[in-house]
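Student: In my numbering, the protein residues as written are 640 to 1260. Beta carbons are placed, not taken as given, at the ideal position from N, Cα and C, and that holds for glycine.
(1) Verify whether the separation of the beta carbon atoms of residue 984 and residue 866 is less than 8 Å.
(2) Ignore the nearest five residues each way along the sequence and tell me which others in residue 760's own chain have a CB closer than 6 Å to its CB.
(3) Specify the secondary structure class of residue 848 as computed by DSSP and reduced to three states.
(4) Considering Cα atoms alone, identify which of 891, 882, 912 is closest to residue 900.
(5) So what's residue 1038 in DSSP terms, helix, strand or just coil?
(6) Where residue 714 and residue 820 are concerned, what is the direct C-alpha to C-alpha distance, given to the nearest angstrom?
(7) Thinking C-beta only, is residue 811 closer than 8 Å to residue 834?
(8) If residue 845 and residue 829 are in contact, beta carbons under 8 Å, what's the gap, nearest whole angstrom?
(9) Return the chain-ordered ranges of every alpha helix (DSSP H) run that is complete within the region 1089 to 1122 and spans a minimum of 4 residues.
(10) Give every residue of the same chain whose Cβ lies closer than 7 Å to the Cβ of residue 871, excluding the five residues on either side of it in the sequence, and list them in chain order.
(11) What separation, rounded to the nearest whole angstrom, lies between the Cα atoms of residue 1221 and residue 1047?
(12) So, under 8 Å CB-CB, residue 1036 and residue 1212 are touching, yes? Tell me the CB distance rounded to an integer number of Å.
(13) Is residue 739 helix, strand or coil by DSSP?
(14) Alpha carbon to alpha carbon, how far is residue 917 from residue 987?
(15) Under 6 Å Cβ to Cβ from residue 751, same chain only, skipping five residues before and after it: list those, please.
(16) Which partner residues does residue 777 have in the DSSP bridge list?
(17) From this set, 970, 958, 732, which residue's C-alpha is nearest residue 796's C-alpha?
(18) Excluding the 5 residues flanking residue 1108 on each side, which residues of the same chain have their C-beta closer than 8 Å to its C-beta?
(19) Do you know how far the Cα of residue 1000 is from the Cα of residue 1202?
(20) Taking all protein chains shown into account, decide if residue 1033 is buried (16 or more other Cβ within 10 angstroms of its Cβ) or exposed.
(21) Report the partner residues of residue 903 according to the DSSP bridge assignment.
(22) Just to check my reading of the structure: residue 1031 and residue 1133 have Cβ atoms closer than 8 Å, yes? What is that Cβ distance to the nearest angstrom?
(23) With residue 1200 as the anchor, note down where its alpha helix (DSSP H) starts and where it stops.
(24) Tell me which same chain residues have a C-beta within less than 8 Å of the C-beta of residue 808, skipping the five on either side of it?
(25) Who are the Cβ neighbours of residue 928 in its own chain at under 7 Å, not counting the five residues just before and after it?
(26) For residue 837, name the three-state secondary structure that DSSP assigns.
(27) Taking the C-alpha atoms as reference points, what is the distance between residue 1194 and residue 1188?
(28) Where does residue 910 sit, in a helix, a strand or coil, going by DSSP?
(29) Using CA atoms only, rank isn't needed, just tell me which of 783, 818, 782, 787 is closest to residue 799.
(30) List the whole-angstrom C-beta distance separating residue 913 from residue 948, where the pair is believed to meet the contact cut-off of C-beta under 8 Å.
(31) Using alpha carbons as the reference points, say which of 850, 1136, 887 lies closest to residue 783.
(32) Distance, Cα to Cα, residue 756 vs residue 742?
(33) So, residue 877 versus residue 946, is the Cβ gap smaller than 8 Å?
(34) Suppose only complete runs of 3+ residues qualify. What are the beta strand (DSSP E) ranges in the region 942 to 994, listed by chain order?
(35) Could you tell me which of 1207, 1124, 1158, 1177 sits nearest to residue 1191, measuring between CA atoms?
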């Protein structure tokens, strides 16, 4: 490994460190958020709702006072809810709607789904996975009713079918709840659910209320959720919980998951998603929401919840005075979301630019191919690594070949360094570049192939922490490949490292140090390296140990496997590359007639050498 290759590796390491730092929240910012929450007296179970809804709820609470006579209550209910006044009183109860994938609880008051259990998934504590809970979820619709708004959250809905309703397989079921008023007038919630789907269609329709509702008006939705903790690494889960949204005929965007944010979305929005680390809740309207969508996200303190997410958006009534939309409650699995449509898979953070394309076109298809054989995920990652290394084999070979050429030329370079030791550095650099030119050697030939591997490196950095397939899947000592493995939990926290020891991170670090040492010995780079750079090469893996100690075990396992396979490739290259033949070819190149044409790359190097020489001479004066 020559000096230029070392510089290339250092640049790669620096980019990785910057990439990691940018994707990691600032500790001071988080502490400031917590302090602001405490000063403001915010509670974890608080939900963001509109002021008109709060006023209605206050009025409703006053009307519920037992000291009021029934006649006064009826008069007040009629004044507030008109023909829907009978639906303003009832019993707080709930109903269940279940299919093969989830079990939903529907609240009688409000008629909305206030709890979803995803079947087949558990929390990190091995409890049934509840996507959201009744005491921290609201989903109300405010309907423009003459000169006021009536909220579905104030009305009681009764189902047409009593008892728990189940549907399975390819069958579907329609579940109807009615907030009955006088003279047959009503608000009707209709849920249509298929047996094998995470999505259901919802319709809020009116009956006999045409004269009360402006046909050009919109219903105002108020959706709020305090996301419960689902994963082992609470801090990481909190940093991966936010609101995603898609503009009609435009790209998917999201709120900054690293800070609190409240904003108004400009333009028609097709869907909104309250996305947790591995699961998501989506409300979708094919015709799009009105241009008045407001969203907010706020980090919560404590050990049981991650963030408070809220959204307020409008949906216009259709010709029949109905509001139609769809809901999705399920895992953030790329194949599942893509099959659902509407670009829902773009919620998964696969990386920006070329890194995301590498994941979508290479990593995920290969991973899913091996996953289809129902293999242990440790073996799936091994096979994925082998395929990736096979694709990179030509680049690795070119890098090794370039290092071999530089190693063969090293004695002649040393002679030039000794010859021009007391001369102008520019002359020495020109002599070395002339030698490379005569020999037909590119001094950065070993560095450029490494740079071309960067998209794979960063693609994996995004893929493994986002792959729900690895969630709670064990391999060797790792109980869950989607989060960190720990062979020892420490009673204290080491700054920038954590309170645990990840064995896969240690193996990754040790193998990287071993690879660095072996590569330097093979290429004879130690003698060419500046003293500080030599130690920097061994310090970088230690820095990565601190960075990756709390990352997904699957990621560290992949990096470890990649290093081990590289050891095998280096051994194979030693048999494939004959340094004597390389030396003979270089000597033959040196005897060929030389052209005066200078490459643009060499011109840039010579120009840099001139500038450095001028600076050196200036300092001597």
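Tutor: If we stick to the structure as given:
(1) On the chain shown, residue 984 is found 345 positions in, with the first residue counted as 1. On the chain shown, residue 866 is found 227 positions in, with the first residue counted as 1. No, Cβ-Cβ distance for residue 984 and residue 866 is not below 8 Å.
(2) Numbered from its first residue, the chain shown carries residue 760 at position 121. Only 768 meet the Cβ criterion.
(3) The residue you call residue 848 lines up with position 209 of the chain shown. The answer is coil: DSSP assigns residue 848 none of H, G, I, E or B.
(4) Sequence index remark: in the chain shown, residue 900 carries index 261 (1-based). Selected option, being the one with the closest Cα: 882.
(5) Locating residue 1038 in the chain shown gives position 399, where the first residue counts as 1. Of the three classes helix, strand and coil, the one that applies to residue 1038 here is helix, per DSSP.
(6) Walking along the chain shown from the start, residue 714 turns up at place 75. Walking along the chain shown from the start, residue 820 turns up at place 181. C-alpha separation (whole angstroms): 14 Å.
(7) Residue mapping note: residue 834 aligns to position 195 of the chain shown, counting from 1. Residue mapping note: residue 811 aligns to position 172 of the chain shown, counting from 1. Yes, they are a contact pair.
(8) Walking along the chain shown from the start, residue 845 turns up at place 206. Walking along the chain shown from the start, residue 829 turns up at place 190. Rounded, the Cβ-Cβ distance is 12 Å, inconsistent with contact.
(9) 1093 to 1105
(10) Counted from its first residue, the chain shown places residue 871 at position 232. Hits under 7 Å: 763, 1119, 1122.
(11) Locating residue 1221 in the chain shown gives position 582, where the first residue counts as 1. Locating residue 1047 in the chain shown gives position 408, where the first residue counts as 1. Each residue's Cα considered, the two are about 8 Å apart.
(12) Position 397 of the chain shown, counted from the first residue, corresponds to residue 1036. Position 573 of the chain shown, counted from the first residue, corresponds to residue 1212. 7 Å between Cβ atoms; contact.
(13) Reading the chain shown from its first residue, position 100 is the one you call residue 739. The answer is coil: DSSP assigns residue 739 none of H, G, I, E or B.
(14) The residue labelled residue 917 in the question sits at position 278 within the chain shown. The residue labelled residue 987 in the question sits at position 348 within the chain shown. Distance between the alpha carbons of residue 917 and residue 987 is about 9 Å.
(15) By 1-based counting over the chain shown, the position of residue 751 is 112. Within the same chain, residue 751 has close Cβ partners 778.
(16) Along the chain shown, read from residue 1 onward, the residue named residue 777 stands at position 138. For residue 777, which the question treats as bridged, DSSP gives the partners 863.
(17) Numbered from its first residue, the chain shown carries residue 796 at position 157. If we check each option's Cα against that of residue 796, 732 comes out closest.
(18) The residue you call residue 1108 lines up with position 469 of the chain shown. 972, 1006, 1010, 1016.
(19) By 1-based counting over the chain shown, the position of residue 1202 is 563. By 1-based counting over the chain shown, the position of residue 1000 is 361. Approximately 24 Å between the Cα atoms of the pair.
(20) Mapped onto the chain shown, residue 1033 falls at position 394. By the 10 Å Cβ count, residue 1033 comes out exposed.
(21) Stepping through the chain shown from its first residue, residue 903 is reached at position 264. Residue 903 is bridged to 933.
(22) As a working mapping, residue 1031 is identified with position 392 in the chain shown. As a working mapping, residue 1133 is identified with position 494 in the chain shown. With a Cβ gap of about 34 Å, residue 1031 and residue 1133 do not count as contacting.
(23) Residue numbering aside, residue 1200 sits at position 561 when the chain shown is read from its first letter. Counting along the chain, the alpha helix (DSSP H) containing residue 1200 begins and ends at 1192 to 1215.
(24) Along the chain shown, read from residue 1 onward, the residue named residue 808 stands at position 169. Non-local beta-carbon contacts of residue 808 in its own chain, meaning distances under 8 Å to residues more than five positions away in sequence, involve 739, 834, 835 in chain order.
(25) Mapped onto the chain shown, residue 928 falls at position 289. Excluding residues within five positions, the ones whose Cβ falls inside 7 Å are 907, 908, 952, 953, 954.
(26) For the purposes of this step, residue 837 is taken as the residue at position 198 of the chain shown. The answer is coil: DSSP assigns residue 837 none of H, G, I, E or B.
(27) On the chain shown, position 555 is the one that residue 1194 refers to. On the chain shown, position 549 is the one that residue 1188 refers to. Each residue's alpha carbon lies about 10 Å from the other.
(28) Stepping through the chain shown from its first residue, residue 910 is reached at position 271. Strand.
(29) Here residue 799 corresponds to residue number 160 of the chain shown, with the count starting at 1. It is 818.
(30) Position 274 of the chain shown holds residue 913. Position 309 of the chain shown holds residue 948. The pair is a contact, with the Cβ atoms about 5 Å apart (cut-off 8 Å).
(31) Residue 783 sits at position 144 when you count from the first residue of the chain shown. Nearest C-alpha to residue 783: 850.
(32) Working through the chain shown from its first residue, we reach residue 756 at position 117. Working through the chain shown from its first residue, we reach residue 742 at position 103. In a straight line, the C-alpha of residue 756 is about 5 Å away from that of residue 742.
(33) Position 238 of the chain shown, counting from 1, holds the residue named residue 877. Position 307 of the chain shown, counting from 1, holds the residue named residue 946. Yes, the Cβ-Cβ distance between residue 877 and residue 946 is below 8 Å.
(34) 944 to 955, 962 to 970
(35) Looking up residue 1191 in the chain shown gives position 552. Cα-wise, what sits closest to residue 1191 is 1124.
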